[in-house]
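Chemist:
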Amino acid sequence: MLQLASVYYDNLVRFILPLCSMMTDRPNPSVPVTNSIYVVDATNLGIKQAWGLRSFAQEISWLLSTCYPETIERIFVCNAPSYYSTVWKFLKAWVDTRTAEKVVVLMESEVLPTLREYIDDANIPAKFGGEFQFTHGMLPDLDDNIQQLLNSDSSKSLPTGPLKWIQDSDGRRTALAVGSKSGSVRSDKIATLDLIGQ
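Using the UniProt record's numbering, you'd call the opening residue of the sequence shown number 1 and step up by one each time.
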């Protein structure tokens, strides 16, 4: 699980957050996007699973505080069972204090009003009362403005696997799919982008 989380956070800091920072159609476009909000569905979390989260919480907390500090704005644990607050008090002992302070446990009636304080309805998953049709494991759904910024074909989605930005001496940025595919090393150009503001 730790390896999967490490891959996720590497993609977040090397590709997703820089891409979001390049967008000028957001509030405060001069401020880089450096963190993200996590929405966790705890609807089907059984008590045995909840108690089993201790080692997971320790590992993820270590990874975040050591390798990716301050990448979390909030973690919303939605539709938490009534006993989860007791479990969370126990789990907090194994989680970095700064990370634990960002966890917000929400009962069903609190979910939509709280999420709306941080996220537009268009980006709140439909299962929590928003408009976004999310399915677990789906690739990022790039909106038209991001497609345009990337000089990318809107019919294409991002490839799976690690993605990163490189910048040439003229300031032009290129998004690359890196890692390996079918056993061969890859460095495939997937999109380009000019200097911000041009």
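All C-beta atoms in this analysis are idealised placements derived from N, C-alpha and C, irrespective of residue type, glycine included.
Quick check on the DSSP output: the alpha helix (DSSP H) that includes L17 runs from which residue to which?
Modeler: Per DSSP, the continuous alpha helix (DSSP H) segment holding L17 begins and ends at L17 to M22.
Chemist: Return yes when the Cβ of D121 is within less than 7 Å of the Cβ of E108, no when it is not.
Modeler: no
Chemist: Would you call N79 buried or exposed, if buried means 16 or more other Cβ atoms sit within 10 Å of its Cβ?
Modeler: Its Cβ being crowded by 16 or more others within 10 Å, N79 is buried.
Chemist: What separation, rounded to the nearest whole angstrom, lies between the Cα atoms of L163 and Q58?
Modeler: The alpha-carbon of L163 is positioned some 27 Å away from that of Q58.
Chemist: According to DSSP, simplified to helix, strand and coil, what is L91?
Modeler: helix
Chemist: Hey, out of G171, S36 and E70, whose CA is closest to N123's CA?
Modeler: S36
Chemist: Could you spell out the range, first to last residue, of the beta strand (DSSP E) harbouring R74?
Modeler: In the DSSP assignment, R74 falls within the unbroken beta strand (DSSP E) covering I72 to C78.
Chemist: Can the beta-carbon of Y84 be found closer than 7 Å to that of V105?
Modeler: yes
Chemist: DSSP three-state label for D25, please.
Modeler: Looking at D25 - three-state DSSP - the assignment turns out to be coil, as it is neither helix nor strand.
Chemist: How is Q3 classed by DSSP in three states: helix, strand or coil?
Modeler: helix
Chemist: Run the CB neighbour count on T34, radius 10 Å, all protein chains shown included, and call it buried at 16 or more, exposed below.
Modeler: exposed
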